[in-house]
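Written below as structure tokens is the structure these notes are about.
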Amino acid sequence: MARFDRYMLSQLLILFGFFSLVLVSVYWVNRAIGLFDQLISDGQTALVFLEFTLLTLPYVILIVLPISAFVAAVYVTNRLSSDSEMVVLQTAGASSLRIGRPVIYFGVLVAVLVAILAHVLVPAARTELAGRSQEISKDITAQFLKEGQFLHPTSDIAVYIRNITELGELDELFLEDSRDPTAVVTYTAERAFLVRAVSGPRLVMRNGLAQTFHKDTGRLSTVAFEDFAYNIGALIGPSGARNRDLRELSTPVLLSPSEADLASAHGDLPDFLFEAHDRFAKSLLAIVVPLMGFATLMLGGFSRFGVWRQVVIAVVLIILVQMVSNVAEEAARKDAALFWLAYAAPAVGALISALLLYSTSMKRMRGRTPKGIPA
411 MARFDRYMLS QLLILFGFFS LVLVSVYWVN RAIGLFDQLI SDGQTALVFL EFTLLTLPYV
471 ILIVLPISAF VAAVYVTNRL SSDSEMVVLQ TAGASSLRIG RPVIYFGVLV AVLVAILAHV
531 LVPAARTELA GRSQEISKDI TAQFLKEGQF LHPTSDIAVY IRNITELGEL DELFLEDSRD
591 PTAVVTYTAE RAFLVRAVSG PRLVMRNGLA QTFHKDTGRL STVAFEDFAY NIGALIGPSG
651 ARNRDLRELS TPVLLSPSEA DLASAHGDLP DFLFEAHDRF AKSLLAIVVP LMGFATLMLG
711 GFSRFGVWRQ VVIAVVLIIL VQMVSNVAEE AARKDAALFW LAYAAPAVGA LISALLLYST
771 SMKRMRGRTP KGIPA
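Whatever position you read off the sequence shown (first residue = 1), add 410 for my numbering.
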């Protein structure tokens with residue numbers, strides 16, 4: 411049995427790695443396509459795109475690992491049953507729980523990986539990603555100033571630039587400011603460039619013309635200038651400290667948030683507590699999910715037609731556990747005293763696994779009882 415444990419565990423780990431690689435690649439590519447369009451259209455380089463995709467990878471892996479563990483457990487159990495290895499072990503007197511011991515070991519290994527991701531890597535990656543996103547949002551040239559296009563940073567401002575040089579100078583600038591409905595101002599300049607100031611960024615225009623159209627009188631006034639500084643704070647909106655996502659915060663902060671933590675993040679105390687305990691629950695669920703797949707497939711015996719019915723039942727049970735998780739989350743985020751509902755999904759999954767393994771054991775015992783002798 412010790413050799414069988416090592417054999418089954420090795421099969422689980424190999425297939426777990428394979429399915430994780432496939433699922434992470436599919437999920438990551440799907441997210442990367444939208445991220446690529448967004449960043450490249452904003453004028454960012456391929457290195458920025460690569461940085462952002464790498465920072466989203468820990469969260470993608472966190473989502474995929476339990477799914478990969480479930481698929482690996484179902485696949486290995488099905489293959490061992492098809493090769494009659496399960497039948498040999500059961501005939502030798504091994505119980506379903508004993509046969510499933512490698513699955514429990516496997517679940518513990520996956521739970522450790524999930525815990526590292528949930529408590530360390532994902533918060534760190536989310537914090538770095540949020541910081542880089544904020545830096546890029548302040549990059550006026552990349553976000554709003556693009557050559558050869560009419561841009562509308564706000565509904566009252568239109569900008570057009572014929573060319574942006576390698577030094578960052580703007581050739582042939584057109585800017586229309588209609589924030590004042592009674593006086594629309596249009597600026598044209600041969601050249602312009604951005605400068606930073608204490609009160610905010612400024613757009614300095616050289617050799618241009620300012621035309622003001624007064625709607626109430628219908629008159630147009632023009633002023634020629636050699637140098638003119640325009641406050642572009644309206645293009646980037648008000649600045650200030652951003653509200654942090656709960657996924658950026660460390661687990662100790664979520665468990666005991668201060669008033670400053672509550673004020674600086676999206677969410678109230680129930681959200682903080684649920685997010686913290688949900689990280690622990692994800693690790694427990696990583697143990698339960700593959701065990702559910704194994705226990706469900708053990709319900710059926712050897713069949714030439716396969717175990718597709720048991721596979722369908724296993725998928726339905728996983729969906730049921732996910733529904734329990736969704737309902738529990740909705741309730742726990744409304745009341746801080748209900749934080750323990752974060753563990754509802756792994757608890758229900760463990761109960762289902764125990765019932766399935768018990769049912770399988772009882773079925774095997776009844777099958778071995780001779781006729782005429784009560785079980």
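Beta carbons are placed, not taken as given, at the ideal position from N, Cα and C, and that holds for glycine.
With the cut-off set at 9 angstroms, would you say LEU604 and ASN641 are in Cβ contact? No, these two residues do not count as a Cβ contact at 9 angstroms.
Does the stretch 692-707 touch the stretch 749-760, meaning 3 or more C-beta pairs lie closer than 8 angstroms? Contact holds: three or more Cβ-Cβ distances are below 8 angstroms.
The alpha helix (DSSP H) with ARG511 in it runs from where to where? Residues 511-526.
Pull up the distance between the alpha-carbon of LEU683 and that of VAL532, whole angstroms please. One Cα belongs to LEU683, the other to VAL532, and the distance between them is close to 17 angstroms.
Going by alpha carbons, who is nearest to SER478 out of ILE567, VAL530, PHE429 and ARG689? Across the set ILE567, VAL530, PHE429 and ARG689, the C-alpha of PHE429 shows the shortest separation from the C-alpha of SER478.
Where ARG657 and GLY677 are concerned, what is the direct C-alpha to C-alpha distance, given to the nearest angstrom? One Cα belongs to ARG657, the other to GLY677, and the distance between them is close to 11 angstroms.
Can ASN440 and LEU707 be called in contact, C-beta distance under 9 angstroms? No.
From VAL436 to ALA593, what does the alpha carbon distance come to, in whole angstroms? The alpha-carbon separation between VAL436 and ALA593 amounts to approximately 53 angstroms.
Helix, strand or coil for LEU659 per DSSP? DSSP places LEU659 in the coil class of the three-state scheme, outside both helix and strand.
What is the DSSP secondary structure of ILE697, counted as helix, strand or coil? Per DSSP, reduced to three states, the secondary structure at ILE697 is helical.
Does the count of Cβ pairs from the stretch 611-629 and the stretch 578-598 closer than 8 angstroms reach three? These segments touch.
What's the C-alpha gap between ILE509 and LEU761? Spanning the two alpha carbons is a distance of roughly 18 angstroms.
What is the C-beta distance between ARG542 and GLY558, in whole angstroms, given that I count them as a contact (C-beta under 8 angstroms)? That belief does not hold up - the Cβ atoms of ARG542 and GLY558 are roughly 27 angstroms apart, past 8 angstroms.
Proximal residues to VAL513 (C-beta, below 6 angstroms), its chain only, five neighbours per side dropped: Contacts found: ALA483, PRO700, LEU701 and PHE704.
Select from PHE516, ARG413 and VAL722 the residue whose C-alpha is nearest the C-alpha of GLY427. Ranking the options by Cα distance to GLY427, first place goes to PHE516.
Cβ-Cβ distance between LEU499 and PHE414 below 9 angstroms: Going by C-beta atoms, LEU499 is nearer than 9 angstroms to PHE414.
Return the residue from the list THR463, PRO591 and VAL486 that minimises the CA-CA distance to LEU419. Comparing Cα-Cα distances from LEU419 to each of THR463, PRO591 and VAL486, the minimum goes to VAL486.
Should TYR469 be listed as close to the ligand HEM, given that the test is whether its C-beta is under 8 angstroms from any heavy atom? Questions concerning the ligand HEM fall outside what the structure shown contains, since it holds no ligand whatsoever.
Own chain, CB closer than 6 angstroms to HIS687, minus 5 neighbours either side, in chain order: In its chain, beyond the 5 residues on either side, PHE749 and ALA752 have a beta carbon closer than 6 angstroms to the beta carbon of HIS687.
LEU672: first and last residue of the uninterrupted alpha helix (DSSP H) it sits in: Its alpha helix (DSSP H) spans residues 669-674.
Counting pairs of beta carbons, one from the stretch 654-674 and one from the stretch 734-746, are three or more of them closer than 8 angstroms? The count of Cβ pairs closer than 8 angstroms, one atom from the stretch 654-674 and one from the stretch 734-746, stays below three, leaving the stretches out of contact.
By the 10 Å Cβ neighbour count, where 16 or more other Cβ atoms means buried, how is THR779 classified, buried or exposed? Any answer about THR779 is weak, because its pLDDT of 46 lies below 50 and its placement is not dependable; what the coordinates show is given next. Flag for THR779 reads exposed.
If I'm right that VAL481 touches VAL434 with Cβ under 8 angstroms, what's the distance once you round it to whole angstroms? With a Cβ gap of about 13 angstroms, VAL481 and VAL434 do not count as contacting.
ALA412 classed as buried or exposed, judged by whether at least 16 other C-beta atoms fall within 10 angstroms: So ALA412 counts as exposed.
With DSSP run on the structure shown, which of helix, strand or coil describes GLY628? In the structure shown, GLY628 sits in coil (DSSP, three-state: anything other than H, G, I, E or B).
Could you have a look at GLY444 and say whether DSSP puts it in helix, strand or coil? In this structure, GLY444 counts as helix in the three-state DSSP scheme.
Exposed or buried, VAL520, counting other C-beta atoms within 10 Å across all chains shown (16 or more means buried)? When all chains shown are included, VAL520 counts as buried.
Enumerate in chain order the residues of its own chain whose CB-to-CB distance from SER631 is below 7 angstroms, with the five nearest sequence positions on each side excluded. In the same chain as SER631, and ignoring 5 residues on each side of it, the C-beta atoms closer than 7 angstroms to its own belong to THR622, in chain order.
PRO662 classed as buried or exposed, judged by whether at least 16 other C-beta atoms fall within 10 angstroms: Exposed, because fewer than 16 other Cβ atoms sit within 10 Å of the Cβ of PRO662.
In chain order, what residues of the same chain lie with their CB nearer than 8 angstroms to the CB of LEU475, ignoring the 5 residues before and after it? So the list reads SER430, VAL520, LEU523, VAL524, LEU527 and ALA696, once near-sequence residues are dropped.
Taking the Cβ atom as the reference point for each residue, do LEU467 and ALA535 lie within a distance shorter than 9 angstroms? For LEU467 and ALA535, yes; Cβs fall inside 9 angstroms.
Provide the residue(s) that pair with ILE574 in DSSP beta bridges, ordered along the chain. ILE574 is bridged by DSSP to LEU580.
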